[in-house]
Amino acid sequence: MRDSSPLRRLLAATLLAAPLLAGTALAAPRTDIVVGMQLEPPTLDPTSGAAAAIDEVVYANVFEGLTRFGPDGEVLPALAESWEPAPDNLSWVFHLRPGVKWHDGTAFTAEDVVFSFDRAMAPDSTNAQKQLFKGINEVTAIDDVTVEIGLDEPKGLFLSNLAWGDAVIVSPASIDTDKTQPVGTGPFKFSKWVQGDRIELVRNPDYWGEPAKLERATFKFISDPTAAYAAMMSGDIDAFPVFPAPENLAQFQADSRFQVIVGSTEGETILAMNNKRPPFDDIRVREAIGHAIDRKAIIDGAMFGYGTPIGSHFAPHNAAYEDLTGLSGHDPEKAKALLAEAGVTGLKPTLVLPPPTYARRGGEIVASQLRAVGIEPQIVNVEWAQWLEQVFKNHDFDMTIISHTEPMDIEIYARPDYYFGYDDPVMRALIRGLDFTSKDEERNELLRAAQERVATHFVNTFLFQLAKTGVADARLRGLWPNSPTQATDLTAVYWAE
Amino acid sequence: MGRASAIVGVVLVTLVAAAALLSFVWTPYDVSALDIAAKLQPPSAGHWLGTDHFGRDVFSMLLVGARVSIAVALVAVGIGMGLGIPLGLAAAARPGTLLDETIMRGNDLVFAFPSLLIAIMITAILGPSALNAILAIGIFNIPVFARVTRGAALALWRRDFILSARLAGKGKARISVEHILPNLANLLVVQATIQFSLGILAEAGLSYVGLGAQPPTPSWGRMLAESQTMIAFAPWLALFPGLAIVLTVLGLNLLGDGLRDMLDPRLRRRVRT
Numbered sequence: 001m002r003d004s005s006p007l008r009r010l011l012a013a014t015l016l017a018a019p020l021l022a023g024t025a026l027a028a029p030r031t032d033i034v035v036g037m038q039l040e041p042p043t044l045d046p047t048s049g050a051a052a053a054i055d056e057v058v059y060a061n062v063f064e065g066l067t068r069f070g071p072d073g074e075v076l077p078a079l080a081e082s083w084e085p086a087p088d089n090l091s092w093v094f095h096l097r098p099g100v101k102w103h104d105g106t107a108f109t110a111e112d113v114v115f116s117f118d119r120a121m122a123p124d125s126t127n128a129q130k131q132l133f134k135g136i137n138e139v140t141a142i143d144d145v146t147v148e149i150g151l152d153e154p155k156g157l158f159l160s161n162l163a164w165g166d167a168v169i170v171s172p173a174s175i176d177t178d179k180t181q182p183v184g185t186g187p188f189k190f191s192k193w194v195q196g197d198r199i200e201l202v203r204n205p206d207y208w209g210e211p212a213k214l215e216r217a218t219f220k221f222i223s224d225p226t227a228a229y230a231a232m233m234s235g236d237i238d239a240f241p242v243f244p245a246p247e248n249l250a251q252f253q254a255d256s257r258f259q260v261i262v263g264s265t266e267g268e269t270i271l272a273m274n275n276k277r278p279p280f281d282d283i284r285v286r287e288a289i290g291h292a293i294d295r296k297a298i299i300d301g302a303m304f305g306y307g308t309p310i311g312s313h314f315a316p317h318n319a320a321y322e323d324l325t326g327l328s329g330h331d332p333e334k335a336k337a338l339l340a341e342a343g344v345t346g347l348k349p350t351l352v353l354p355p356p357t358y359a360r361r362g363g364e365i366v367a368s369q370l371r372a373v374g375i376e377p378q379i380v381n382v383e384w385a386q387w388l389e390q391v392f393k394n395h396d397f398d399m400t401i402i403s404h405t406e407p408m409d410i411e412i413y414a415r416p417d418y419y420f421g422y423d424d425p426v427m428r429a430l431i432r433g434l435d436f437t438s439k440d441e442e443r444n445e446l447l448r449a450a451q452e453r454v455a456t457h458f459v460n461t462f463l464f465q466l467a468k469t470g471v472a473d474a475r476l477r478g479l480w481p482n483s484p485t486q487a488t489d490l491t492a493v494y495w496a497e
Numbered sequence: 001m002g003r004a005s006a007i008v009g010v011v012l013v014t015l016v017a018a019a020a021l022l023s024f025v026w027t028p029y030d031v032s033a034l035d036i037a038a039k040l041q042p043p044s045a046g047h048w049l050g051t052d053h054f055g056r057d058v059f060s061m062l063l064v065g066a067r068v069s070i071a072v073a074l075v076a077v078g079i080g081m082g083l084g085i086p087l088g089l090a091a092a093a094r095p096g097t098l099l100d101e102t103i104m105r106g107n108d109l110v111f112a113f114p115s116l117l118i119a120i121m122i123t124a125i126l127g128p129s130a131l132n133a134i135l136a137i138g139i140f141n142i143p144v145f146a147r148v149t150r151g152a153a154l155a156l157w158r159r160d161f162i163l164s165a166r167l168a169g170k171g172k173a174r175i176s177v178e179h180i181l182p183n184l185a186n187l188l189v190v191q192a193t194i195q196f197s198l199g200i201l202a203e204a205g206l207s208y209v210g211l212g213a214q215p216p217t218p219s220w221g222r223m224l225a226e227s228q229t230m231i232a233f234a235p236w237l238a239l240f241p242g243l244a245i246v247l248t249v250l251g252l253n254l255l256g257d258g259l260r261d262m263l264d265p266r267l268r269r270r271v272r273t
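Written out as structure tokens, the structure reads:
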């Protein structure tokens, strides 16, 4: 058939003209961004929910705390300009930034800080990280811009605790609606939430600091990796800070329209074992499993090479890190010998796998490696809600694969009622010691001892440090390469010419 | 024409069945052993259909996957026939009675639910596994067979030879088994073939969304799901399981058509004249 109908010609003309129109529109740098995320936050109040997706939208964009994490995990001033501890380290005075306004126009004062802390520390508090506030006995407003926080005993990680998304300051005037219409002090204001699709933020013109370069930011939720790939390729999305399919990164790398941003996260990915349940209460069984696992095969096979092997529950980019991977090197023969010594045969443990790629794919590889030493894991794929209920809350599992993405979280090994059930007085003493030490060298010494303790007890099998694999339009600048906390800080993001 | 397509159907179905049987005794590679170093190889002499993202041999996985697909569909059709046919016969033997109404309205109830949704619900409650996939698919086969059986049996009950059997003093149950059922066999075999192909599709659908056979057991649907993000650089991963599903379903449908042409006396007569 010849290309002759008028309709067709019109269509062809339009198609030809479209790139020209787009070209003129793109001449000036854009001032908006569409950010892709795999999971939609269930609410938008970071002080009453555990979901990482909440912080990934609002942390540093909408809500701020007294202190905050910088791009590399350093603790920076935020709503508090400066602070000084009392000589006995038992109370801290915070000097708040004057003239800060909430997004609803009301003034930010020391009373808001007192309110936020009292709310987080209340007996009926729904804060997901209550341990951050443990040991705080009183928060008092000295004047409008000065707050004093009293402690029961010195806390080494105090300033860093205050930087968490769970410790941001909220306004008493808007607390009832923060879950759906958050009102913060940050460089972006909440604008609209189309549930199941996107959240829109607009620039806050009255921001106390340097205003954001972008005028508008949209977070779009795409759970399916194939759809995420298509949305990036078609330009519907400008940046996907945590791209869910590592196998596609090579294609983005080969395409000059995109940049692939690979950085570190705080995610220690572990094969966790139920230390309270036989036979995993036997250290020889746990050690055998450690030797049965080949970390490199898991990183290559599940993550397409993105990830760093770890030998303990600690991030390699931290100054106190010690490489303990040698303790549980890949040695199937030794694993078999240890299992025989422990008298364990015909083990068929459940291996519960949450949805992320690292767990589902990693789980299949782990299962195959365990089969090689005579253990027959039963894979149970679960959704997040079920994982939280069954594994995290009810401890009903033998093994699971999970990435612990909170910063400096080796202290979970000092909680006997934590889901993997490791109960060790020495470990508890080590972690407690951290609270009384603020000198870096002494702290690092304790942290090294703690790493060695959990590694030599083979509490879990430590697989790898999750890499942050982001994809973005090649012209975007200012995105965080690393993920020191769960955040998508857009304050400094802009489009290059 | 009808015969030619039936032959193609027989050949395709035989091939798939042979592949499934072969997988019990031999596969080129062990499908539960991963070889990460050999991942994502395109088809070659060593791996006829290439390897997947874990370095498993795709051909071997297809063979074992055939076994899973066939087993699930076969047992599901078995459940449907085993329960559906007696229910249909019973309803037809006493039309219009409370028994008939109860059975047929129960049928309508099951029919009224979107089958895949219920299958997802069943596997969500009982946990994903090949066994629960069988159960979910099987339940939806029951009303199909009950309805087909009742419809055809009702017509038969009015025939003279049934009347004479009744005059001879045979009970309704006995007539149903001795005279009605044999005369329905043709129809039921054709229906079973159709349900079998639907069962293969349903199994692929359930395992595609992760509710079928669980890893490490390979299944065609999950192979498709896992290969999605790799289509651009490893198209063989999606192509071959996709082809396997298409050819199996095509083969079964052609076989079903052919069987109907051969077994249905009215159609046969029409073809000849």
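Chains A and B supply the protein sequences, listed in that same order. To convert, note that position 70 of the first sequence is 70 in the UniProt record's numbering; the numbers rise steadily by one, no gaps. To convert, note that position 51 of the second sequence is 51 in the UniProt record's numbering; the numbers rise steadily by one, no gaps. Cβ coordinates follow ideal geometry from the N, Cα and C atoms, glycine included.
- Shortest Cα-Cα distance from threonine 325(A) to any of Ala239(A), Ser264(A), Thr350(A) and Gly290(A) involves Gly290(A).
- The criterion of a C-beta distance shorter than 9 Å is satisfied by alanine 202(B) and alanine 73(B).
- Neighbours of leucine 154(B) across chain A, judged by C-beta separation under 7 Å, do not exist; the nearest C-beta is about 46 Å away.
- Comparing C-alpha distances from tyrosine 29(B) to each of Thr193(B), Leu187(B), Leu181(B) and Trp48(B) shows the shortest one belongs to Trp48(B).
- Assigned with DSSP and collapsed to three states, lysine 192(A) falls in strand.
- The C-beta of alanine 107(A) comes no closer than 9 Å to any C-beta of chain B.
- Counting along the chain, no beta strand (DSSP E) covers tryptophan 236(B); the unbroken alpha helix (DSSP H) around it starts and ends at 236-263.
- Where arginine 222(B) is concerned, the enclosing alpha helix (DSSP H) starts and stops at 220-227.
- Contact with chain B is found for glutamate 247(A), since one of that chain's Cβ atoms lies less than 9 Å from the residue's Cβ.
- Judged by their CB atoms, leucine 44(A) and phenylalanine 188(A) are not nearer to each other than the 9 Å cut-off.
- Rounded to whole angstroms, the Cβ separation of alanine 450(A) and leucine 463(A) is 19 Å, and the two are not in contact under 8 Å.
- Within its own chain, the residues whose Cβ lies closer than 6 Å to the Cβ of phenylalanine 140(B), once the five positions on either side in sequence are excluded, are Ser115, listed in chain order.
- For phenylalanine 462(A), the enclosing beta strand (DSSP E) covers residues 461-473.
- Residue-level contact check: aspartate 300(A) touches chain B, since one or more beta carbons of chain B fall below 9 Å from its beta carbon.
- Around phenylalanine 233(B), the beta-carbon contacts reaching into chain A at under 7 Å are Gln251.
- For histidine 95(A), the enclosing beta strand (DSSP E) has its first and last residue at 91-96.
- Assigned with DSSP and collapsed to three states, tryptophan 480(A) falls in coil, not helix or strand.
- Arg477(A) is the residue among Lys213(A), Arg477(A), Asp281(A) and Thr488(A) whose C-alpha sits nearest the C-alpha of alanine 496(A).
- Counting only residues of its own chain and dropping the five nearest sequence neighbours on each side, serine 91(A) has a CB closer than 8 Å to the CB of Pro85, Glu148, Ile149, Gly150 and Leu151.
- In the assembly as shown, methionine 121(B) is an exposed residue. Its beta-carbon has fewer than 16 other beta-carbons within 10 Å.
- For the 9 Å CB-CB criterion, proline 481(A) and glycine 73(A) do not form a contact.
- Close partners of histidine 53(B) in chain A (Cβ separation under 9 Å): Glu247, Gly301, Ala302, Phe304 and Arg361.
- For phenylalanine 111(B), the closest of Leu99(B), Ser129(B) and Gly138(B) by C-alpha to C-alpha distance is Gly138(B).
- Residues of chain B whose Cβ lies closer than 7 Å to the Cβ of threonine 226(A) are, in chain order, Gln228 and Thr229.
- If you check the CB distance, isoleucine 169(A) and glycine 65(A) come in under 9 Å.
- For alanine 38(B), the closest of Leu163(B), His53(B) and Val31(B) by C-alpha to C-alpha distance is His53(B).
- By the Cβ neighbour-count rule, leucine 76(A) is exposed, with fewer than 16 other Cβ atoms within 10 Å of its own.
- Residue environment for lysine 468(A): buried (at least 16 other C-beta atoms within 10 angstroms of its C-beta).
- Residue pairing from DSSP places methionine 37(A) in a beta bridge opposite Phe221(A).
- Per the Cβ contact rule, the segment 307-322 of chain A is in contact with the segment 255-273 of chain A (3 or more Cβ pairs under 8 Å).
- By the neighbour-count criterion, in which a residue is buried when 16 or more other Cβ atoms sit within 10 angstroms of its Cβ, threonine 102(B) is exposed.
- Bounds of the alpha helix (DSSP H) holding valine 454(A) are 440-456.
- At a beta-carbon threshold of 9 Å, the residues of chain A lying near alanine 33(B) are Ser368, Arg371 and Ala372, ordered along the chain.
- Each residue's CA atom was taken as its position, placing threonine 31(A) and serine 227(B) some 37 Å apart.
- Residues of the same chain with a CB within less than 6 Å of the CB of alanine 19(B), apart from the 5 flanking positions on each side, are Leu63 and Ala66 in chain order.
- Within the segment 51-97 of chain A, the complete beta strand (DSSP E) segments of 3 residues or longer fall at 67-69, 75-77, 80-85 and 91-96, listed in chain order.
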